[in-house]
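K.L.:
Supplied in structure tokens, the structure appears directly below.
Number of protein chains: 2
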Amino acid sequence: MSESFGERVRSALHARGPLCVGIDPHAALLAAWGLTDDAQGVREFGLRTVEAATGKVAVVKLQVSFFERFGSRGIGALEDVLGAARAAGLLVIADAKRGDIGSTMDDYARAWLTPGSPLEADALTVSPFLGVGALDGTFAVAETYGKGVFVLAATSNPEAEGLQRSTGTTGKTVSASVIAEVSARNAELAPAGEWGSFGFVIGATVDWTQAGIGAFSPAAPILAPGFGAQGATPTDLRPRFGEMSEAVIASESRSILSAGPVDLAEAISARAAEYLEVAGV
Amino acid sequence: MSESFGERVRSALHARGPLCVGIDPHAALLAAWGLTDDAQGVREFGLRTVEAATGKVAVVKLQVSFFERFGSRGIGALEDVLGAARAAGLLVIADAKRGDIGSTMDDYARAWLTPGSPLEADALTVSPFLGVGALDGTFAVAETYGKGVFVLAATSNPEAEGLQRSTGTTGKTVSASVIAEVSARNAELAPAGEWGSFGFVIGATVDWTQAGIGAFSPAAPILAPGFGAQGATPTDLRPRFGEMSEAVIASESRSILSAGPVDLAEAISARAAEYLEVAGV
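Those protein sequence lines, which keep their order, are chains S and F.
Note that the working numbering has the first sequence beginning at 75, numbered continuously upward.
Note that the working numbering has the second sequence beginning at 75, numbered continuously upward.
So, in structure tokens, the structure goes:
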């Protein structure tokens, strides 16, 4: 069996620190980089960012919507960027937030997590709106191939609070229930002391107490958007995530990508060093 | 301004009845139809189904995951099927269940709802896990172009109950809050007596009382999977949906598609007639 995704992330974060470069080629950034607002532009944007990130960070995250905007040609560009990132030894998260039921969801899992699939990534973000149980087929595909899943748990956008802080019959918030249900699956599969392969999306600026969530086990990677342009800084990492800090993948996109193509590699190096210092690895 | 999606659906359902053919080319059906399990197979499957449905039903629904499984070539096939269906005068729902925040979600809306986009559909299914407010950019794109949005509200899969029946500070279930928040937006935009363009996904076998939901206004289309293979029948439509029956789009896929390519047109005609009889339009 291949090494689990959880353990691969753990090694990679230990070696390179928590910074994850978010590859978000939205229209304004394409213009700022002097690239065309089309499939060729997002391909070029993605390939240059992969090149600049290689050897400097453990993880990159590709925001699928910015490629999907251009239909099949945009998805073709995404395939090229995914392939280049994986070939460069980066761990690649496809940020697609897919969520459906039964065989429909299973096919999303096959699309993104099956070795040899044109859209193969190392991990996929998914939505639990249809229930964590609806993701069991996805977890099974991931486990089979040593891939990872990041389940949306607690996001930092204010309009999410009403839903994610609703409470079920157990008194837990939706966010807490998602973490508990996914953690139970990690506990079944991950050997003692190892990280689970089914992680969470928890915004960097989320107040854990207000969200009704706390430290969890087994440890599992936390994909944390909200660093950089959205307000959280490297020094916020330990105070905000406490005993879970080691598991955080700190995702920044605009704050780094706005350096432009020429200065990008240096910007990534500098920011990665800031995180390494506070992470103390 | 173009006619609203809500009013277009209303006219189309009145003319052809509630049956919606779900175009779900999963592997088992491709094999049963004698088609290859690849992008060419799903293209052929989709085009044949569109041809068989043309003139017989108001709406078709394309399940995106079954195309996405084949990466950019699968999405290219989806573009061809979407284009053929729209050219045939069918209302086309892209069942993609996308859900994200801010500019990311806006780009999904642009991908699926902008005239001239390669993936242009008439309506898109979306997930409210990040809050109904996170969909406001999507609602704006839809309104501008006379397109529709179907927000996941109450699904019939048992593993969804814990989350969707959680309650917020107002005492409403998640499902009820989604319906209330989206309906408020319909009320702002739809002239009195007209249907809203932002509809809901409510499973045909959902118990409305248990889900904490009830009749809503303004009227807006209800995309109801769960007819056919999943258990609900045409005669269930009125008892289950009561005063909202007129707004139901009854989606069936496997039950119809299993007729095979030769008998498909006849199967669609027969089933559409059954629905028309009970719908009494």
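Even glycine gets a Cβ: it sits at the ideal position worked out from N, Cα and C.
1) Does DSSP put S:P232 in a helix, in a strand, or in coil?
2) If contacts are defined as beta-carbon pairs under 8 Å, then S:G150 and S:V116 qualify, I think. What distance do you get, rounded to the angstrom?
3) In angstroms with no decimal places, state the Cα-to-Cα distance between S:E235 and F:L350.
4) Give a yes or no on whether the C-beta atoms belonging to S:T178 and F:S146 are separated by under 7 Å.
5) F:N231 touches chain S at which residues, Cβ-Cβ below 7 Å?
6) Listing by chain order, which chain S residues have their CB less than 8 Å from the CB of F:D181?
7) Looking only at its own chain, which residues have a Cβ that is under 6 Å from the Cβ of F:A250, when we skip the five neighbours before and after it?
8) Give the residues of chain F in contact with S:F153, contact being defined as C-beta atoms less than 7 Å apart.
9) Is the CB of F:K221 under 7 Å away from at least one CB in chain S?
10) Run through the DSSP bridge pairs and tell me what S:A306 is partnered with.
11) Pull up the CB-CB distance for S:I330 and S:V95, whole angstroms please, since I reckon it's below 8 Å.
12) For F:A126, count neighbouring Cβ atoms within 10 angstroms of its own Cβ and tell me buried if that reaches 16, exposed if not.
13) CA-CA distance, F:A162 and F:V131?
14) Pick from F:E77, F:L103, F:L93 and F:V252: whose alpha carbon is nearest that of F:R382?
15) Using a cut-off of 8 Å between C-beta atoms, extract the partners of F:L226 located in chain S.
16) Apply the 10 Å Cβ neighbour rule to S:H88 and answer buried if 16 or more other Cβ atoms are within range, or exposed otherwise.
17) Would you please verify whether the beta carbon of F:P92 is less than 7 Å from any beta carbon of chain S?
18) What ranges does the beta strand (DSSP E) occupy inside the segment 133–185 of chain F, keeping only unbroken runs of at least 3 residues that lie completely in it?
19) May I have the straight-line CA-CA distance separating F:V336 from S:P292, to the nearest angstrom?
20) In the DSSP output, which residue or residues are listed as bridge partners for F:V124?
21) Since S:T241 meets chain F, which of its residues come closer than 7 Å, beta carbon to beta carbon?
22) Does the beta-carbon of S:P232 have 16 or more other beta-carbons within 10 angstroms, so that it is buried, or is it exposed?
23) Report back the beta-carbon spacing between S:V124 and S:A159 to the nearest angstrom; my notes put them in contact at under 8 Å.
24) Using a cut-off of 7 Å between C-beta atoms, extract the partners of S:L193 located in chain F.
25) Quick one: Cα of S:F141 to Cα of S:D98, how far?
26) Under 9 Å between beta-carbons, which chain S residues line up against F:G236? List them in chain order, please.
27) Buried or exposed for S:G80, going by 16 or more other Cβ atoms inside 10 Å?
28) Going by DSSP, what residue range makes up the beta strand (DSSP E) through S:V352?
29) S:G129 versus chain F: which residues are under 8 Å apart at the beta carbon?
30) Could you give the DSSP three-state label for F:I276: helix, strand or coil?
31) Name the chain S residues that come within less than 7 Å of F:K171, Cβ to Cβ?
32) Using the three-state DSSP reduction, which class does S:E326 fall into: helix, strand or coil?
33) With a threshold of 6 Å on Cβ separation, who are the neighbours of S:P308 within its own chain once the five nearest residues in sequence on each side are excluded?
34) So, do the segment 241–260 of chain F and the segment 217–229 of chain F have three or more beta carbon pairs nearer to each other than 8 Å?
35) Mind checking whether S:N260 and S:F274 have CB atoms under 7 Å apart?
36) Check whether the Cβ of S:T110 lies closer than 7 Å to any Cβ atom in chain F.
P.N.:
Judging by the given coordinates:
1) In the first sequence, counting from the first residue as 1, residue 232 of chain S sits at position 158. The answer is helix: DSSP assigns S:P232 an H, G or I state.
2) Against the first sequence, residue 150 of chain S aligns to sequence position 76. Against the first sequence, residue 116 of chain S aligns to sequence position 42. At roughly 10 Å, the Cβ-Cβ gap does not stay under 8 Å, so S:G150 and S:V116 are not in contact.
3) For the purposes of this step, residue 235 of chain S is identified with residue 161 of the first sequence, where counting begins at 1. For the purposes of this step, residue 350 of chain F is identified with residue 276 of the second sequence, where counting begins at 1. When only Cα atoms are considered, S:E235 and F:L350 end up about 42 Å apart.
4) Translated into positions along the first sequence, residue 178 of chain S becomes position 104. Translated into positions along the second sequence, residue 146 of chain F becomes position 72. Not closer than 7 Å, so no.
5) Looking up residue 231 of chain F in the second sequence gives position 157. Going along chain S in sequence order, the residues near F:N231 (Cβ under 7 Å) are I175, L204, G205 and A208.
6) Translated into the one-based positions of the second sequence, residue 181 of chain F becomes position 107. Per Cβ cutoff of 8 Å: H100, S139, F140, E142 and R143.
7) Within the second sequence, residue 250 of chain F is the residue found at index 176, counting from 1. Answer for F:A250: G286 and I287, listed in chain order.
8) Position 79 of the first sequence holds residue 153 of chain S. Correcting the residue type first, residue 153 of chain S is Glu in the shown sequence and not Phe. What S:E153 touches in chain F: G145 and S146.
9) To locate residue 221 of chain F, count along the second sequence from 1; it is residue 147. Closer than 7 Å: no.
10) For the purposes of this step, residue 306 of chain S is taken as the residue at position 232 of the first sequence. Per DSSP, S:F301.
11) As a first step, residue 330 of chain S must be located in the first sequence, where it is residue number 256. As a first step, residue 95 of chain S must be located in the first sequence, where it is residue number 21. Rounded, the Cβ-Cβ distance is 6 Å, consistent with contact.
12) In the second sequence, residue 126 of chain F corresponds to position 52, counting from 1. Its Cβ being crowded by 16 or more others within 10 Å, F:A126 is buried.
13) Locating residue 162 of chain F in the second sequence gives position 88, counting from the first residue. Locating residue 131 of chain F in the second sequence gives position 57, counting from the first residue. When rounded, the distance between both Cα atoms is 11 Å.
14) A question about residue 382 of chain F goes unanswered here, because the residues of chain F that appear run from 75 up to 355.
15) Stepping through the second sequence from its first residue, residue 226 of chain F is reached at position 152. Result: F203 and L204.
16) Position 14 of the first sequence, counted from the start, is the residue given in the question as residue 88 of chain S. Burial call: exposed.
17) As a position in the second sequence, residue 92 of chain F is number 18, starting the count at 1. F:P92 does not count as touching chain S.
18) 133–137 and 165–172, all fully within the segment 133–185 of chain F.
19) Here residue 336 of chain F refers to the residue found at position 262 of the second sequence. Here residue 292 of chain S refers to the residue found at position 218 of the first sequence. Rounded to the nearest angstrom, the two C-alpha atoms are 53 Å apart.
20) Taking the first residue of the second sequence as position 1, residue 124 of chain F is located at position 50. DSSP, once it has assigned bridges, lists no residue as partnering F:V124.
21) For this step, residue 241 of chain S is matched to residue 167 along the first sequence. Ordered by position in chain F, the residues that pass the 7 Å Cβ test against S:T241 are S240 and T241.
22) The sequence position of residue 232 of chain S within the first sequence is 158, counting from 1. It is exposed - the Cβ of S:P232 has fewer than 16 other Cβ atoms within 10 Å.
23) Here residue 124 of chain S corresponds to residue number 50 of the first sequence, with the count starting at 1. Here residue 159 of chain S corresponds to residue number 85 of the first sequence, with the count starting at 1. Yes, they are in contact, since the Cβ atoms of S:V124 and S:A159 sit about 5 Å apart, within 8 Å.
24) Translated into positions along the first sequence, residue 193 of chain S becomes position 119. Against S:L193, the close residues of chain F are G145, in the order they occur along the chain (beta-carbon pairs closer than 7 Å).
25) The count along the first sequence starts at 1 and reaches residue 141 of chain S at position 67. The count along the first sequence starts at 1 and reaches residue 98 of chain S at position 24. Distance between the alpha carbons of S:F141 and S:D98 is about 9 Å.
26) Against the second sequence, residue 236 of chain F aligns to sequence position 162. Correct list: G205, V206, G207, G242, T243, T244, V248, S251 and E255.
27) By one-based count along the first sequence, residue 80 of chain S stands at place 6. It is buried - the Cβ of S:G80 has at least 16 other Cβ atoms within 10 Å.
28) Looking up residue 352 of chain S in the first sequence gives position 278. Premise fails: S:V352 lies in the alpha helix (DSSP H), G334 to A353, not in any beta strand (DSSP E).
29) Against the first sequence, residue 129 of chain S aligns to sequence position 55. Near S:G129 there are no residues of chain F at all, since even the closest Cβ is about 27 Å away, more than 8 Å.
30) Stepping through the second sequence from its first residue, residue 276 of chain F is reached at position 202. Shown here, F:I276 sits in a strand according to DSSP, grouped into three states.
31) Within the second sequence, the letter at position 97 stands for residue 171 of chain F. What F:K171 touches in chain S: G173 and D174.
32) Here residue 326 of chain S is taken as the residue at index 252 of the first sequence, counted from 1. Strand.
33) Locating residue 308 of chain S in the first sequence gives position 234, counting from the first residue. These residues qualify, in order along the chain: E348, Y349 and V352.
34) yes
35) Here residue 260 of chain S is taken as the residue at index 186 of the first sequence, counted from 1. Here residue 274 of chain S is taken as the residue at index 200 of the first sequence, counted from 1. No; because the gap between Cβ atoms is not below 7 Å, this pair is not in contact.
36) Against the first sequence, residue 110 of chain S aligns to sequence position 36. For S:T110, the answer is no, since every Cβ of chain F falls outside 7 Å of its Cβ.
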